[in-house]
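With my numbering applied, the sequence shown corresponds to residues 27 to 155, in that order.
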Amino acid sequence: MKQHLTFSIKLTILGAVLYFGSDLFLLSLSDPNFKAPSFADHLFLWVISVLTINVCIILSKRLPKSVGFGYVGLGMLKIIAIPLFLLDEFMNQTDATVPFLLHFMVLYFIYMIAEIILLKKLLDKQSFS
Numbered sequence: 027m028k029q030h031l032t033f034s035i036k037l038t039i040l041g042a043v044l045y046f047g048s049d050l051f052l053l054s055l056s057d058p059n060f061k062a063p064s065f066a067d068h069l070f071l072w073v074i075s076v077l078t079i080n081v082c083i084i085l086s087k088r089l090p091k092s093v094g095f096g097y098v099g100l101g102m103l104k105i106i107a108i109p110l111f112l113l114d115e116f117m118n119q120t121d122a123t124v125p126f127l128l129h130f131m132v133l134y135f136i137y138m139i140a141e142i143i144l145l146k147k148l149l150d151k152q153s154f155s
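Shown next as structure tokens:
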């Protein structure tokens, strides 16, 4: 339980920094056509990251040799969930759609790198004998 909370707090801090940092960065650009990812977009990325980490923690306790497969499977589910979440943006394309999607994907990759770092720490603590 402590690991769940620790990893969730780390991802929450990262999410807050990304949310406020990206907003400040975009305000400095001040392009009137650019639509920044909203709080819901950040919340979606945070939720899928926290769920991924917590499921991998549970897998590491019950099936320690299957954590990698679990992470890959959850990654595939995220790849399916993201276009469904962004379906409205895909359907109503404007001039700001491509920059919006690029910004969203940069945030996704930052969350993914954080997940990989946290999972590496989790796997380093385990013995696979």
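Quick reminder that beta carbons are idealized off the backbone N, C-alpha and C, glycines included.
Determine the DSSP secondary structure at residue i, reduced to helix, strand or coil.
{"i": "ASP67", "result": "helix"}
{"i": "ASN118", "result": "coil"}
{"i": "LEU113", "result": "helix"}
{"i": "LEU77", "result": "helix"}
{"i": "LEU89", "result": "coil"}
{"i": "LYS151", "result": "coil"}
Suppose you measure from the CA of residue i to the CA of residue j; what does that come to, to the nearest Å?
{"i": "THR32", "j": "TYR134", "result": "21 Å"}
{"i": "GLY94", "j": "SER64", "result": "31 Å"}
{"i": "ILE108", "j": "SER34", "result": "20 Å"}
{"i": "GLU115", "j": "SER153", "result": "45 Å"}
{"i": "CYS82", "j": "LEU145", "result": "8 Å"}
{"i": "THR38", "j": "LEU44", "result": "10 Å"}
Below 7 Å CB to CB, which residues in the same chain sit around residue i once its five sequence neighbours on both sides are set aside?
{"i": "GLY41", "result": "HIS68 and TRP72"}
{"i": "SER92", "result": "LEU85"}
{"i": "GLU141", "result": "SER75, THR78 and ILE79"}
Between residue i and residue j, which are expected to be in contact by the criterion C-beta below 8 Å, what is the C-beta distance as a whole number of angstroms?
{"i": "GLY96", "j": "LEU85", "result": "4 Å"}
{"i": "PHE111", "j": "PHE70", "result": "6 Å"}
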